[in-house]
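Visitor:
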Amino acid sequence: MEVKLANKLGFCFGVERAIEMAERVLAQHPEGVYSLGEIIHNRQVVEEFSRKGLKVINDVSQAKGIVLIRSHGEPPEVFEQLRNRGVEIVDATCVLVKRAQQIVANLANEGYRVVVVGQAEHPEVRAVLGYADDVICVDTPEDLKQLPVGGRFGIVCQTTHSPEHFGKMVGLIVARGCKEIKVVNTLCEEVRRRQAAAIKLAREVDVMFVLGGKQSANTRELANLCAKQGTTSYHLEGWEDFSPEMVSGKRIAGVTAGASTPRWVIEEFVDNLRRFTPE
Ligand code: SF4
Numbered sequence: 015m016e017v018k019l020a021n022k023l024g025f026c027f028g029v030e031r032a033i034e035m036a037e038r039v040l041a042q043h044p045e046g047v048y049s050l051g052e053i054i055h056n057r058q059v060v061e062e063f064s065r066k067g068l069k070v071i072n073d074v075s076q077a078k079g080i081v082l083i084r085s086h087g088e089p090p091e092v093f094e095q096l097r098n099r100g101v102e103i104v105d106a107t108c109v110l111v112k113r114a115q116q117i118v119a120n121l122a123n124e125g126y127r128v129v130v131v132g133q134a135e136h137p138e139v140r141a142v143l144g145y146a147d148d149v150i151c152v153d154t155p156e157d158l159k160q161l162p163v164g165g166r167f168g169i170v171c172q173t174t175h176s177p178e179h180f181g182k183m184v185g186l187i188v189a190r191g192c193k194e195i196k197v198v199n200t201l202c203e204e205v206r207r208r209q210a211a212a213i214k215l216a217r218e219v220d221v222m223f224v225l226g227g228k229q230s231a232n233t234r235e236l237a238n239l240c241a242k243q244g245t246t247s248y249h250l251e252g253w254e255d256f257s258p259e260m261v262s263g264k265r266i267a268g269v270t271a272g273a274s275t276p277r278w279v280i281e282e283f284v285d286n287l288r289r290f291t292p293e
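Once you know that position 126 of the sequence shown is 140 in this note's numbering, the rest is easy, because the numbers rise by one and skip nothing.
(1) In terms of residues, what are the limits of the alpha helix (DSSP H) holding C240?
(2) Would you say N232 touches ligand 1, meaning its beta carbon is less than 7 Å from a heavy atom?
(3) DSSP three-state call for L82: helix, strand or coil?
(4) Which residues does DSSP pair with E194 in a beta bridge?
(5) Since V198 and F167 should fall inside the 8 Å C-beta cutoff, what is the C-beta to C-beta distance between them, to a whole number of angstroms?
(6) Touch check for the segment 24 to 36 and the segment 97 to 117: three-plus C-beta pairs under 8 Å?
(7) Could you tell me whether the segment 61 to 77 touches the segment 117 to 134, using the rule of 3 or more Cβ pairs below 8 Å?
(8) Taking the straight line between their C-alpha atoms, what separation do you get for P276 and G132?
(9) What residue from Q243, V269, V163, Q209 has the CA that sits closest to H175's CA?
(10) Is V128 helix, strand or coil when you go by DSSP?
(11) May I have the straight-line CA-CA distance separating L23 from T270, to the nearest angstrom?
(12) If we ignore side chains and look at the alpha-carbon of each, how far apart do S262 and D285 end up?
(13) Excluding five sequence neighbours on each side, which residues of the same chain lie with their C-beta closer than 6 Å to the C-beta of A20?
(14) Taking only three categories from DSSP, how would you classify K159?
(15) Does DSSP classify K264 as helix, strand or coil?
(16) Report the rounded CA-to-CA distance for A114 versus E88, giving the unit in angstroms.
(17) Tell me whether F358, by its Cβ, gets closer than 7 Å to a heavy atom of ligand 1.
(18) Mind checking whether E45 and V70 have CB atoms under 8 Å apart?
(19) Since I believe V81 is in contact with V101 (beta carbons under 8 Å), could you give me their beta-carbon distance rounded to a whole number of angstroms?
(20) Looking at ligand 1, does it come within less than 7 Å of L110, judged from the CB to the closest heavy atom?
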């Protein structure tokens, strides 16, 4: 079938850098390296790194030797605990995530009550929340009940959210009543470009495939945005999740992929779909 690709898709520079750092440190230490959490939200990449000796740990108490901090970053107390354990830290926190962390600290120093628009359980947000005291995390209009009315708020956003969602939440905070707000745009431009390309493509095709890990926030956001264009959209981890009914009666398929989806997953999917003839 005819398959079109988004003009921006797949690995971002933050993920590429984390992968390069992991490969370098594993080449120097074939005995094994620990990763605090999975290196990226992509099953295939995590499995490949596991074969190369990258061992995933989920708690600082398991850390020893060399520990990789993934692109999502960690709160300051985790770095402190790792240093106290005497481990060597390889910090692959994305520069844009570091920037968001620094902005949170600066806003708090300037006297603002910091508000992070993001998913509280997402690792990047969990880390960012650690860079100031009493940070409030909101992601839905109901969450805004936590905000004291009439405060001075310093607002940032999870890097992978859409500009529309961030703008809507800021508008609701103003509408609720506040003395002052300072909004700093911490959205990731890499993600925004992928979102804009996915929206454009979703409007041109009969069915959209969004490739990436089910845990990947930016991939989920891409799938939501494609579905909002009124196009049937599927979030798949790879060709193994494809089934023929998905393209039944469709002529043109669009493909995009999250910032943590490797190129080979995209190529395998596209090659197979191009060879496939829908009923
Ligand atoms: S999506 Fe953006 S913020 Fe996240 S790792 Fe990639 S470049 Fe960095």
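Where a beta carbon is used, it is the ideal one built from N, C-alpha and C, also for glycine.
Guide: Reading off the structure:
(1) The residue labelled residue 240 in the question sits at position 226 within the sequence shown. That run of the alpha helix (DSSP H) goes 231 to 242.
(2) Within the sequence shown, numbered from 1, the residue matching residue 232 stands at position 218. Yes, the Cβ of N232 comes within 7 Å of a heavy atom of ligand 1.
(3) As a working mapping, residue 82 is identified with position 68 in the sequence shown. Of the three classes helix, strand and coil, the one that applies to L82 here is strand, per DSSP.
(4) Locating residue 194 in the sequence shown gives position 180, where the first residue counts as 1. Paired residues: R166.
(5) Within the sequence shown, the letter at position 184 stands for residue 198. Within the sequence shown, the letter at position 153 stands for residue 167. Not a contact, Cβ separation roughly 11 Å.
(6) yes
(7) no
(8) Within the sequence shown, residue 276 is the residue found at index 262, counting from 1. Within the sequence shown, residue 132 is the residue found at index 118, counting from 1. When rounded, the distance between both Cα atoms is 25 Å.
(9) For the purposes of this step, residue 175 is taken as the residue at position 161 of the sequence shown. Nearest option by C-alpha distance: Q209.
(10) As a position in the sequence shown, residue 128 is number 114, starting the count at 1. Reduced to three states, the DSSP call for V128 is strand.
(11) Translated into the one-based positions of the sequence shown, residue 23 becomes position 9. Translated into the one-based positions of the sequence shown, residue 270 becomes position 256. Roughly 6 Å between the two C-alpha positions.
(12) Working through the sequence shown from its first residue, we reach residue 262 at position 248. Working through the sequence shown from its first residue, we reach residue 285 at position 271. Whole-angstrom Cα-Cα distance: 18 Å.
(13) Here residue 20 is taken as the residue at index 6 of the sequence shown, counted from 1. Cβ within range, chain order: A211, A212, L215, T270.
(14) Indexing the sequence shown from 1 puts residue 159 at position 145. K159: helix per DSSP, three-state reduction.
(15) Stepping through the sequence shown from its first residue, residue 264 is reached at position 250. Three-state DSSP puts K264 in coil, outside helix and strand.
(16) Residue mapping note: residue 114 aligns to position 100 of the sequence shown, counting from 1. Residue mapping note: residue 88 aligns to position 74 of the sequence shown, counting from 1. So the two alpha carbons sit approximately 12 Å from each other.
(17) What is shown of the chain runs 15 to 293, which leaves residue 358 out entirely.
(18) Here the question's residue 45 lines up with position 31 in the sequence shown. Here the question's residue 70 lines up with position 56 in the sequence shown. No, the pair does not count as a contact, with Cβ atoms beyond the cut-off.
(19) For this step, residue 101 is matched to residue 87 along the sequence shown. For this step, residue 81 is matched to residue 67 along the sequence shown. At roughly 5 Å, the Cβ-Cβ gap stays under 8 Å, so V101 and V81 are in contact.
(20) For the purposes of this step, residue 110 is identified with residue 96 of the sequence shown, where counting begins at 1. Yes, Cβ of L110 sits closer than 7 Å to a heavy atom of ligand 1.
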